[in-house]
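Input: a single structure, listed below in structure tokens.
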Amino acid sequence: MRQAVYGSDAVHADVATSCNNIGCVHSNMGEYSKALEYYWKGLEIQLAVYGVMHACTHASSYNNIGNVYSDMGEYSKALEYYRKSLEIKLAVYGSGAVHADIASSYNNIGSVCRKMGEYSKALEYYKKGLQMQLAVYGSDAVHADIASS
Numbered sequence: 001m002r003q004a005v006y007g008s009d010a011v012h013a014d015v016a017t018s019c020n021n022i023g024c025v026h027s028n029m030g031e032y033s034k035a036l037e038y039y040w041k042g043l044e045i046q047l048a049v050y051g052v053m054h055a056c057t058h059a060s061s062y063n064n065i066g067n068v069y070s071d072m073g074e075y076s077k078a079l080e081y082y083r084k085s086l087e088i089k090l091a092v093y094g095s096g097a098v099h100a101d102i103a104s105s106y107n108n109i110g111s112v113c114r115k116m117g118e119y120s121k122a123l124e125y126y127k128k129g130l131q132m133q134l135a136v137y138g139s140d141a142v143h144a145d146i147a148s149s
């Protein structure tokens, strides 16, 4: 529908969002090459619309691409895109910032390190994620993100 409104080669944030959503569905269905195709198309549009470093829009796209590579067992590629996502989040929120999105990136990186057998690195990132989540939600908080760390 959005492509019908904006045109098939439209460079518009709404088209990027639709591409991302379609990528999510393909990923959930295990159609990873299709998922990557749509995630990359969405990211390409985001870069054209917003520029190189735009808030967490790009970070989310890189994270989704990392998720697909992780699901495919291509852990070094997953790590590359999870790190790009983290880099953008740190640029947006600040290198010393405490934010749930940053904690999520630490956990994703920890997960890939664990899958790669790099257990000391995995622990390092998982601990960073947990510390940040406790700082965000409070040490007495009951939150699903803390439980999954």
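Start counting the sequence shown at 1; every next residue gets the next number (full-length UniProt numbering). No residue lacks a Cβ here, since even glycine has one placed at the ideal position from N, Cα and C.
Taking every protein chain shown into account, the CB of residue 127 has fewer than 16 other CB atoms within 10 angstroms, so this residue is exposed. If you draw a straight line from the Cα of residue 106 to the Cα of residue 129, it comes to about 5 Å. By the neighbour-count criterion, in which 16 or more other beta carbons inside 10 Å mark a residue as buried, residue 43 falls on the buried side. Put simply, of 101, 16, 120 and 12 the residue whose alpha carbon is nearest the alpha carbon of residue 137 is 101.
The Cβ-Cβ distance between residue 79 and residue 112 falls below 8 Å. In the structure shown, residue 97 adopts coil according to DSSP, grouped into three states.
The region 9-24 makes contact with the region 32-52, as at least three CB pairs between them are under 8 Å.
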